[in-house]
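J.:
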Amino acid sequence: MERRKFPIGFWNYMSMDAFRESDLKDWEDAAFSLIMSPSYDAGNAEHRSKLNLILDWCRNKQVDMILQDPRTSIWGIRKSDMPNDKAKLPDDYEAGVREAVEEFADRPEVVAFSVIDEPTGDIFDATIEAVRIIGKHGGDRFGFVNLLPFWEDAKAMIGRDDYLAYLGEYADRSGTPLLCYDHYKQMTERGVEGAGYYTNLNFYRQAASRRSVGFWNTILTTPHFRYRKPSYDDMRWQINTSLAYGAKGILMFTLYTPINEGQYETNYRQGPINWWGERTDTFQAIRDVNREVHDRWRGLFLDLDLTRVGHYPEAPIDRVERFLGDGAVKDIRLGLGLDPHLVISEFVHRTTAESYIFIVNANPRDSVQLTAGFGSLSELGRYSALGEECHVKSDREDTFECKFWLAPGQGELFRIVS
300 MERRKFPIGF
310 WNYMSMDAFR
320 ESDLKDWEDA
330 AFSLIMSPSY
340 DAGNAEHRSK
350 LNLILDWCRN
360 KQVDMILQDP
370 RTSIWGIRKS
380 DMPNDKAKLP
390 DDYEAGVREA
400 VEEFADRPEV
410 VAFSVIDEPT
420 GDIFDATIEA
430 VRIIGKHGGD
440 RFGFVNLLPF
450 WEDAKAMIGR
460 DDYLAYLGEY
470 ADRSGTPLLC
480 YDHYKQMTER
490 GVEGAGYYTN
500 LNFYRQAASR
510 RSVGFWNTIL
520 TTPHFRYRKP
530 SYDDMRWQIN
540 TSLAYGAKGI
550 LMFTLYTPIN
560 EGQYETNYRQ
570 GPINWWGERT
580 DTFQAIRDVN
590 REVHDRWRGL
600 FLDLDLTRVG
610 HYPEAPIDRV
620 ERFLGDGAVK
630 DIRLGLGLDP
640 HLVISEFVHR
650 TTAESYIFIV
660 NANPRDSVQL
670 TAGFGSLSEL
680 GRYSALGEEC
690 HVKSDREDTF
700 ECKFWLAPGQ
710 GELFRIVS
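Read left to right, the sequence shown gives residues 300 to 717 (my numbering).
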């Protein structure tokens, strides 16, 4: 099933009881191309009516849906008090999956069925089996799972020492077409981009490439715990660095600010929509970054296969690669700007075989001026804010190079013109 737009969605913890038709206006104005449905009771007539309203809206607006259907969810098998117990799927799980798939067979806007968020080692096998069952009956639809990200303490939680092997095992055994995770330490208060952020991007890049699957990254939009309130530049940086590592979709955590009713969830605040249902300045920021992806590049990144990615002038951590200048980009010279950090990626279009270069200012605080050298090229194409292709001429006659500015978090995509 080909996606009509680049997938950008949000984690939705809304119940169908809380859903109001006016919520659709927020989703549309935020320029989401993917939604996660409110949770619902399959036997509740009012819930069914609301779900049909949302599905019709998705079809009309060309928005995809991850359906939070109770028959495909395995939240109920999580046994937090028995972490070493290997949980099993209910005996009627496969029958429930078949029923859900058949029920939504004429709803192409449903692209996935939600299974579970951050499965721990005790439910890893059951998670794999659930995704495999949905893949068996779902056709193009898949079981959506958000995996625990990598950090040192996560090894005990997932029951594996080798995280890359863990991703490979999950992909191989489940048959999933998609890997997804969330990681927010790059938004730590008073901090800068954390090592764990690029570690995870690189793990998912490697796993997705080796298994020929896609991956999505969940970025932070709502401050909580030690994570600061992200700015427009922060969110642009998170999205563009994800694209630079080959991500095929973005989720945002979250749209609606949690009301701090949990025992340990006490400092959520100022998400895109606040506690009173009002739009904050963060809403305006996500609307602008979402529209930029859709308007500048439309679905182009879905058709681009990453061939290399490197950091300049230095790699921030040992696990990622440094830009070496041995690809289409031959040379980078830095001009004005504080604490320069670039991510330079090369892609090949999977149908036209054209080459693309993506250069991201991976400093979310400061602009940078740079000169990029491309060797013996004659012309480059780049994209305006509204998606019009502009032709870039060389600043020199003996070799192709051009000088340009990048704002904090900005990414520039170039097409090599044959």
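All residues carry an ideal CB built from backbone N, CA and C; glycine is no exception.
Let me confirm a value: tryptophan 515 is counted as buried when at least 16 other C-beta atoms fall within 10 Å, else exposed. Which label applies?
T.: Position 216 of the sequence shown holds residue 515. Tryptophan 515 should be labelled buried.
J.: Going by beta carbon distance, what residues of the same chain come within less than 6 angstroms of glutamine 367, once the five residues before and after it are set aside?
T.: Within the sequence shown, the letter at position 68 stands for residue 367. Ser336, Ser338 and Ser413.
J.: Just to confirm my understanding: we take tyrosine 450, look at its own chain, exclude 5 residues before and 5 after, and list those with CB closer than 6 angstroms. What are they?
T.: Here the question's residue 450 lines up with position 151 in the sequence shown. First, the amino acid is wrong: residue 450 is tryptophan here, not tyrosine. Once the five neighbours on either side are set aside, the close Cβ partners of tryptophan 450 are Gly495.
J.: Tell me, which residues are paired with histidine 610 by DSSP?
T.: What you label residue 610 is simply residue 311 of the sequence shown in a count that begins at 1. Looking at the DSSP assignment, histidine 610 forms a beta bridge with Arg621 and Val642.
J.: Going by alpha carbons, who is nearest to asparagine 559 out of Pro306, Ile307 and Tyr312?
T.: Stepping through the sequence shown from its first residue, residue 559 is reached at position 260. If we check each option's Cα against that of asparagine 559, Tyr312 comes out closest.
J.: Do you know whose CA, among Phe309, Arg406 and Asp638, lies nearest leucine 354's CA?
T.: By 1-based counting over the sequence shown, the position of residue 354 is 55. The shortest Cα separation from leucine 354 among Phe309, Arg406 and Asp638 belongs to Arg406.
J.: Report yes if the CB atom of aspartate 625 is closer than 7 angstroms to the CB atom of leucine 685, and no otherwise.
T.: The residue labelled residue 625 in the question sits at position 326 within the sequence shown. The residue labelled residue 685 in the question sits at position 386 within the sequence shown. No, Cβ-Cβ distance for aspartate 625 and leucine 685 is not below 7 angstroms.
J.: Between the beta-carbon of arginine 377 and the beta-carbon of alanine 411, is there less than 7 angstroms?
T.: Taking the sequence shown and counting its residues from 1, the one referred to as residue 377 is at position 78. Taking the sequence shown and counting its residues from 1, the one referred to as residue 411 is at position 112. Contact flag unset, no.
J.: Is serine 473 near arginine 431, with beta carbons less than 7 angstroms apart?
T.: Position 174 of the sequence shown, counting from 1, holds the residue named residue 473. Position 132 of the sequence shown, counting from 1, holds the residue named residue 431. In this structure, arginine 431 lies closer than 7 angstroms to serine 473 by Cβ.
J.: For proline 639, which option in Gln709, Val628 and Glu696 has the closest C-alpha, if you only look at C-alpha atoms?
T.: Position 340 of the sequence shown holds residue 639. Nearest option by C-alpha distance: Gln709.
J.: Under 8 angstroms by Cβ, that's how I've got valine 659 and asparagine 499 pegged, so tell me the actual separation to the nearest angstrom.
T.: Here residue 659 refers to the residue found at position 360 of the sequence shown. Here residue 499 refers to the residue found at position 200 of the sequence shown. That belief does not hold up - the Cβ atoms of valine 659 and asparagine 499 are roughly 16 angstroms apart, past 8 angstroms.
J.: Would you please state the rounded distance, in angstroms, between the beta carbons of lysine 629 and glycine 561? I believe it to be under 8 angstroms.
T.: Position 330 of the sequence shown, counted from the start, is the residue given in the question as residue 629. Position 262 of the sequence shown, counted from the start, is the residue given in the question as residue 561. No, lysine 629 and glycine 561 are not in contact; Cβ-Cβ is about 53 angstroms, not under 8 angstroms.
J.: Contact check, arginine 525 vs valine 588 under 8 angstroms by CB: the rounded distance?
T.: The residue labelled residue 525 in the question sits at position 226 within the sequence shown. The residue labelled residue 588 in the question sits at position 289 within the sequence shown. Not confirmed; about 23 angstroms, so no contact.
J.: Over what stretch of residues does the alpha helix (DSSP H) that includes aspartate 322 continue unbroken?
T.: Position 23 of the sequence shown holds residue 322. Looking at the DSSP string, the run of the alpha helix (DSSP H) that includes aspartate 322 is 322-328.
J.: Under the three-state reduction of DSSP, which class applies to isoleucine 616: helix, strand or coil?
T.: Along the sequence shown, one-based indexing puts residue 616 at 317. It is coil, neither helix nor strand.
J.: Indicate whether the contact test is met: 3 or more Cβ pairs, each with one atom in the segment 537-554 and one in the segment 476-483, closer than 8 angstroms.
T.: The segment 537-554 is in contact with the segment 476-483.
J.: Spell out a yes or no on whether the segment 604-617 and the segment 562-575 are touching, meaning 3 or more CB-CB pairs, one atom from each, closer than 8 angstroms.
T.: Judged by Cβ distances under 8 angstroms, the segment 604-617 makes no contact with the segment 562-575, as fewer than three pairs qualify.
J.: Taking the alpha carbon of phenylalanine 548 as the point to measure from, which residue in Tyr503, Phe403 and Ser530 has its own alpha carbon closest?
T.: Counting from 1 along the sequence shown, the entry for residue 548 is found at position 249. In the sequence under discussion, the amino acid at residue 548 is glycine, which differs from the phenylalanine named in the question. Closest by alpha carbon: Tyr503.
J.: Span of the alpha helix (DSSP H) holding histidine 346?
T.: Reading the sequence shown from its first residue, position 47 is the one you call residue 346. Looking at the DSSP string, the run of the alpha helix (DSSP H) that includes histidine 346 is 344-360.
J.: Quick check on the DSSP output: the alpha helix (DSSP H) that includes alanine 546 runs from which residue to which?
T.: Here residue 546 refers to the residue found at position 247 of the sequence shown. Per DSSP, alanine 546 belongs to no alpha helix (DSSP H) and is neither H nor E.
J.: Arginine 681 and leucine 712 look like a contact to me (Cβ under 8 angstroms); what is the Cβ gap, rounded to whole Å?
T.: What you label residue 681 is simply residue 382 of the sequence shown in a count that begins at 1. What you label residue 712 is simply residue 413 of the sequence shown in a count that begins at 1. 7 angstroms between Cβ atoms; contact.
J.: Would threonine 651 be called buried (16 or more neighbouring beta carbons within 10 Å of its own) or exposed?
T.: One-based indexing of the sequence shown puts residue 651 at position 352. The residue in question, threonine 651, is exposed, as its Cβ has fewer than 16 Cβ neighbours within 10 Å.
J.: Can you list, in chain order, the residues of its chain whose CB lies under 6 angstroms from that of arginine 459, leaving out five sequence neighbours each side?
T.: Residue mapping note: residue 459 aligns to position 160 of the sequence shown, counting from 1. Taken in chain order, the residues that qualify are Tyr465.
J.: Which ranges does the beta strand (DSSP E) cover as unbroken runs of at least 3 residues, wholly within the segment 476-520, from first to last along the chain?
T.: Counting only runs of 3 or more, we get 477-481 and 513-519.
J.: Run through DSSP, which three-state label would valine 628 get?
T.: As a position in the sequence shown, residue 628 is number 329, starting the count at 1. It is coil, neither helix nor strand.
J.: Would valine 400 and glycine 375 qualify as a contact pair, given that the criterion is a beta-carbon distance under 7 angstroms?
T.: As a working note, residue 400 is residue 101 in the sequence shown. As a working note, residue 375 is residue 76 in the sequence shown. Not a contact, by the Cβ cut-off of 7 angstroms.
J.: Give me the DSSP bridge partner(s) of aspartate 604.
T.: Taking the first residue of the sequence shown as position 1, residue 604 is located at position 305. According to DSSP, which records beta bridges pairwise, aspartate 604 is partnered with Val647.
J.: Can you round the beta-carbon distance between threonine 267 and threonine 520 to whole angstroms, since I take them to be within the 8 angstroms contact cut?
T.: What the structure shows of the chain is the stretch from 300 to 717, and residue 267 is not part of that stretch, so it cannot be assessed.
J.: Please report how far the alpha carbon of arginine 302 lies from the alpha carbon of aspartate 602, in whole angstroms.
T.: Here residue 302 refers to the residue found at position 3 of the sequence shown. Here residue 602 refers to the residue found at position 303 of the sequence shown. Here arginine 302 scores only 42 on pLDDT, less than 50, and its place in the model should not be relied on; the value that follows carries that caveat. Arginine 302 and aspartate 602: Cα-Cα distance of roughly 11 angstroms.
J.: Give the secondary structure of histidine 668 by DSSP, where H, G and I count as helix, E and B as strand, and everything else as coil.
T.: For the purposes of this step, residue 668 is taken as the residue at position 369 of the sequence shown. Going by the sequence as given, residue 668 is glutamine instead of histidine. Here glutamine 668 sits in strand by DSSP.
J.: Under a Cβ-count criterion, where at least 16 other Cβ atoms within 10 Å of its own Cβ denotes burial, should serine 541 be classed as buried or exposed?
T.: Taking the sequence shown and counting its residues from 1, the one referred to as residue 541 is at position 242. Per the 10 Å Cβ criterion, buried.
J.: Label alanine 455 either buried or exposed according to how many other C-beta atoms from any shown protein chain fall within 10 Å of its C-beta, with 16 as the threshold for buried.
T.: Locating residue 455 in the sequence shown gives position 156, where the first residue counts as 1. Its Cβ having fewer than 16 others within 10 Å, alanine 455 is exposed.
J.: By the DSSP assignment, the beta strand (DSSP E) with phenylalanine 318 in it spans what residues?
T.: In the sequence shown, residue 318 corresponds to position 19, counting from 1. No beta strand (DSSP E) contains phenylalanine 318, which DSSP labels as neither H nor E.
J.: Check for me: the alpha helix (DSSP H) holding histidine 436 runs from which residue to which?
T.: Numbered from its first residue, the sequence shown carries residue 436 at position 137. 423-437 is the span of the alpha helix (DSSP H), which, as asked, contains histidine 436.
J.: Around the Cβ of lysine 304, are there at least 16 other Cβ atoms within 10 angstroms (buried) or fewer (exposed)?
T.: Position 5 of the sequence shown, counted from the start, is the residue given in the question as residue 304. Lysine 304 should be labelled buried.
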